[in-house]
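Asks: According to the numbering used here, the sequence shown is numbered sequentially starting from 1497. Think of the CB as a built atom: it goes at the ideal place given N, C-alpha and C, for glycine as much as any other residue. My questions will all concern the structure given below.
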Amino acid sequence: VEQVKSSGEMFEFCRHILKFYATLVSESRIKGTSALVSRAIRYILAHLYEPLKVQDVAAQLHMNPQAFCRLFTAETGWNPSSYIEERKLEEARSCLRHGMSITETADALGYCSPQQFSLRFKKRIGLTPGEWRGTQDLI
C-alpha cells in the first residue's frame, strides 16, 4: 500500500485484493449455503467492480431470477439486491479509506454516477461518502 502512487494504482491494488479473496473462497462452499448460493456469492464478490444485477447472477447459475431470489433469501436471509449493494458499499468504504475520490469509487464499483453512489451510500450508511470519510483515518 505504501508504494501506491496514484488513485489508479490504488484501484488496481483494491481490485487485485478482491480477486485474490474471491479465489480463496472459490474452492470452498460458503458455510450454511448450498452449492448454488455459494457460487452466487463467489460470483458477486468477483464482480463487485462491475455494474451487477440480480439477473446477471441468476443467469450465471442458469436460474430464473425469481427462483434465484427465493433460494438466496431463504439461505442467507438477504435479498440478493440488498446483498450486492451491501458488499459494494463495504468495498466503497475500503476504497474511500484508502484515498480514492468519491467519483473514482463510484466509477470503479459500477454506479451510474457519483450522485447515485452518494444517494445509496447515504441511504444505507446514514452519511454521505464525504461525511463518512471525515470520520475515518485514511490508511
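Assess contact between the segment 1566 to 1577 and the segment 1527 to 1538, defined as three or more Cβ pairs (one per stretch) separated by less than 8 Å. Is contact present?
Replies: Because the criterion of three Cβ pairs below 8 Å is met, the segment 1566 to 1577 and the segment 1527 to 1538 touch.
Asks: What did DSSP end up calling Glu1627 once you bin it into helix, strand or coil?
Replies: Helix at Glu1627.
Asks: Does Leu1615 pass the burial test, meaning 16 or more other C-beta atoms within 10 Å, or should it be called exposed?
Replies: So Leu1615 counts as exposed.
Asks: What are the boundary residues of the alpha helix (DSSP H) that Thr1529 is part of?
Replies: Segment: none, Thr1529 is in no alpha helix (DSSP H) and carries neither H nor E.
Asks: I'd like the span of the alpha helix (DSSP H) that includes Gln1632, first residue to last.
Replies: Counting along the chain, Gln1632 falls outside any alpha helix (DSSP H), and DSSP gives it neither H nor E.
Asks: With Pro1610 and Ala1602 assumed to form a contact (beta carbons below 8 Å), what rounded beta-carbon distance in angstroms separates them?
Replies: So it is a contact: roughly 4 Å between Cβ atoms.
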